[in-house]
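As you go down the protein sequences, you meet chains R and H in turn. Taking our numbering, the leading residue of the first sequence gets 21, the next gets one more, and so forth. Taking our numbering, the leading residue of the second sequence gets 21, the next gets one more, and so forth. To keep things clear, I will list the structure first and then write my remarks on it.
Protein chains: 2
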Amino acid sequence: MNEAYDELAFEPHEEELLSRVAWHYYHDGLTQSEIGERLNLSRIKVSRMLDRGRKMGLIHVHINSSYGGCFALEARLQELYGLDEARVIPAQETGNVNDRLAEAASQYLMGRLRDQEMLAVGWGATVMGTLQRLSRTLSYKDISLVSLTGGVSAYIEGVASGRSSQNVHLIPAPLVVSQESIAEAIRAERHVVEVMSMARTANYALVGIGAVADEATLIASGYASRSQFEIFRRQGAVGDIIGIFYDQAGEPLDLPFHKMLVGLDFEALSAIPQVIAAAGGPRKVDAIRAAARGGRIDVLITDEPTAQAIIEKDQA
Amino acid sequence: MNEAYDELAFEPHEEELLSRVAWHYYHDGLTQSEIGERLNLSRIKVSRMLDRGRKMGLIHVHINSSYGGCFALEARLQELYGLDEARVIPAQETGNVNDRLAEAASQYLMGRLRDQEMLAVGWGATVMGTLQRLSRTLSYKDISLVSLTGGVSAYIEGVASGRSSQNVHLIPAPLVVSQESIAEAIRAERHVVEVMSMARTANYALVGIGAVADEATLIASGYASRSQFEIFRRQGAVGDIIGIFYDQAGEPLDLPFHKMLVGLDFEALSAIPQVIAAAGGPRKVDAIRAAARGGRIDVLITDEPTAQAIIEKDQA
DNA sequence: GTTGTTGTCGATCATATGATCACGATGTGC
DNA sequence: GCACATCGTGATCATATGATCGACAACAAC
């Protein structure tokens, strides 16, 4: 029992009055003055009673929504990792998690993107889904799109269709090539250089977070092999962002694979004012956690169980 | 599904925003303007969202107190029986119910009694307890006491001690006498007439409610016998107030016993602006219910299980 | 006793809130 | 096509609320 607790102690009959005041205020919707008249209290006293009631937890506000529990997690994530913002979508049996994350990410961006701004996008299934949902907003607000890496043309095109192409700037190359020398040559291409330097000026970057697991999209799409992933794992990789693998602390590893990538590096990514990551699922817990701890991202959009798991691991 | 319900329907993404607004408002304590800035909404829109959230039950305020459930019962009692006011004290294992009722009644009166007012009091254990707790307030506010019936001198004296006796007016007689003729004679006594006419001018009447049960204080104190009670019961009596027995509808019965009482009748009692009854316990459920239905009382102070039982019986 | 401390109270005032109004967008029926 | 109703929006304004201040009472230390 500390002093603060003692200060909040009260007489039993005071609790009765306090409860009554709270009841009238919240349940009956009376104003503080009306309550004062009924119970022979000054308006200001009623105000103070409500204040005390709230402070001591006598009055409890419950938000009756599946989102309810998520906001606490969001606040926690922001606090723990110094994020600008966290969005947590509620656990739900129905529906694909990635779809719902994409929905949430697109909503976030819709509210954030201003006219004439530029959005740089990374690679991944969630990013693609987000862009599809965003397409209307993009044209409406005249948003420019630019790619952070190669290999995005495949899915960007659907989004870009029907829009003036001058607002969409893609790195005309695959995400990964087979040899370092080829990657160097591509990175030296005028067009590639232009797009990459443009990407550095974007207002926002939207990226996915990949797990170092056999189910990763990088493997599914043929950009990497299982055996490579096994090696990455042994070197301490826990996840990747735009093809760059990092360790538990979120620090990029020194892998040959990285030299064959066509795209921005972490330094350039961090220079973008706000890096927004949308990722979730049990497999990605460590990847997301490391990215957050290393400060690789500014905004995290994830799902409730994943957020829970991330926080629990850092609780100890 | 009625129209009102349809009107309150909303899109899933709207719920997310609504929940978020509510969270910031109630949990984080932000003002509506601050929330508007964060979420890019006009202040007025935030206000309306909160309004909708409250109306559709998304926002639920819980009063975390043993009194919590009681207020609903109070509202119900007031509504069902047209009471000016109802007070329900929470169920509690510890402590005598009558003591706690007396405490509640005295608190109610303390808040209600104004300087120079007059309080008429009936007969019974709860009334006595209430007066004992009130004694300080009575002298402080210069309240006059007057008895509604005979037989109160025994316990009034403790309360009146140390106070100028001119403020206490007792009917100098027992509650019940053995013959109608004696009662008539007593009622004709100048002093008795004076006190009784004074009682009619009281601002408040404080009465108990008795059950027609063998444990009644009337029997315990020797004013009535078990066999009499048996007869009353057969005639339809469910309870008594100031010695007058009434039926299920709260209508006074025509009993010889009443003719032997020294005190006011129901008509005179009802003429007092506010009749306050304090009574509780399982045995008294029917007695209280009938009194309330018959409009015998204006204010009821009882306990939670009793209130519950009373309401349940009238629900059907 | 004085003095300082503490807490409570209500007066005052700046701010937060919600009611009302008028406008414009949208959809509907004629 | 044109009214017409309906809804959402923001502007404006009255009201509700809570922060601040000084006055005052209760109380402890001296």
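The beta-carbon is built from N, C-alpha and C at its ideal position, and this holds for glycine as well.
Counting C-beta atoms within 10 angstroms of its own C-beta, H/K75 has fewer than 16 neighbours from the protein chains shown and is therefore classed as exposed.
At a cut-off of 9 Å between beta-carbon atoms, R/I202 makes no contact with chain H. Per DSSP, the beta bridge partners of R/P272 are R/Y266. In the structure shown, the three-state DSSP call for R/L320 is strand.
Close partners of R/E36 in chain H (Cβ separation under 7 Å): Y87.
In the three-state scheme derived from DSSP, where H, G and I count as helix and E and B as strand, H/M138 is classed as strand.
Distances from the alpha-carbon of R/P293 to those of R/A311, R/D318, R/A307 and R/V305 put R/D318 closest. Here H/H82 is exposed, its C-beta having fewer than 16 other C-beta atoms within 10 Å.
DSSP places H/I308 in the uninterrupted alpha helix (DSSP H) bounded by V305 to R313. About 6 Å separates the beta carbon of H/A222 from that of H/L139, a gap short enough to meet the 8 Å contact definition.
Among the bridge pairs identified by DSSP, R/E105 is matched with R/V319. By the neighbour-count definition (other C-beta atoms within 10 Å, threshold 16), R/S167 is a buried residue. Under the criterion of beta carbons closer than 8 Å, R/Y101 and R/R303 do not qualify as touching, at roughly 20 Å.
Cβ-Cβ distances below 8 Å link H/P276 to E200 in the same chain, with the five nearest sequence neighbours on each side left out; the list follows chain order.
Within the DSSP bridge table, the entry for R/I296 names R/L226 and R/V319 as partners. Under the criterion of beta carbons closer than 8 Å, H/A336 and H/G270 do not qualify as touching, at roughly 18 Å.
Residues of chain H whose Cβ lies closer than 7 Å to the Cβ of R/N187 do not exist, since the nearest Cβ in that chain is about 23 Å away. R/E324 counts as buried, since no fewer than 16 other beta carbons sit within 10 angstroms of its beta carbon. Counting along the chain, the unbroken beta strand (DSSP E) around H/V81 starts and ends at I79 to I83. Counting along the chain, the unbroken beta strand (DSSP E) around H/I261 starts and ends at G259 to I261. A Cβ-Cβ separation of about 5 Å places R/A106 in contact with R/Q98 under the 8 Å criterion. For the C-beta of H/S39, the chain R residues within less than 8 Å are, from N- to C-terminus, I83, S85, Y87, G88 and F91.
Fewer than three beta-carbon pairs drawn from the region 203 to 218 of chain R and the region 228 to 238 of chain R are found closer than 8 Å, and the two stretches are therefore not classed as touching. Closest option to R/G301, judged by alpha-carbon separation, among R/Y224, R/L238 and R/T146: R/T146. Taking the beta carbon of R/L78 as reference, the chain H residues within 8 Å of it are I83, N84 and S85, listed in sequence order. Contact annotation: in the region 126 to 154 of chain H, residues whose CB is within less than 7 Å of a CB in chain R are Q127 and G131. Under the 8 Å Cβ criterion, the region 34 to 49 of chain H counts as touching the region 64 to 79 of chain H, having at least three qualifying pairs. With fewer than 16 neighbouring CB atoms inside 10 Å of its own CB, H/A240 falls in the exposed class.
According to the DSSP assignment, R/L289 belongs to the alpha helix (DSSP H) that extends over F286 to A291. Under the 9 Å criterion on CB atoms, R/H47 is classed as interfacial with respect to chain H. The residue from H/G89, H/Y45 and H/L158 with its alpha-carbon nearest to that of H/V141 is H/L158. Between H/I330 and H/A307, the alpha-carbon positions lie close to 10 Å from each other. The beta-carbon of R/A299 is placed no less than 9 Å from the nearest beta-carbon of chain H. According to DSSP, R/T169 shares a beta bridge with R/G283. Judged by DSSP secondary structure, H/G73 falls within the alpha helix (DSSP H) whose first and last residues are R63 to K75.
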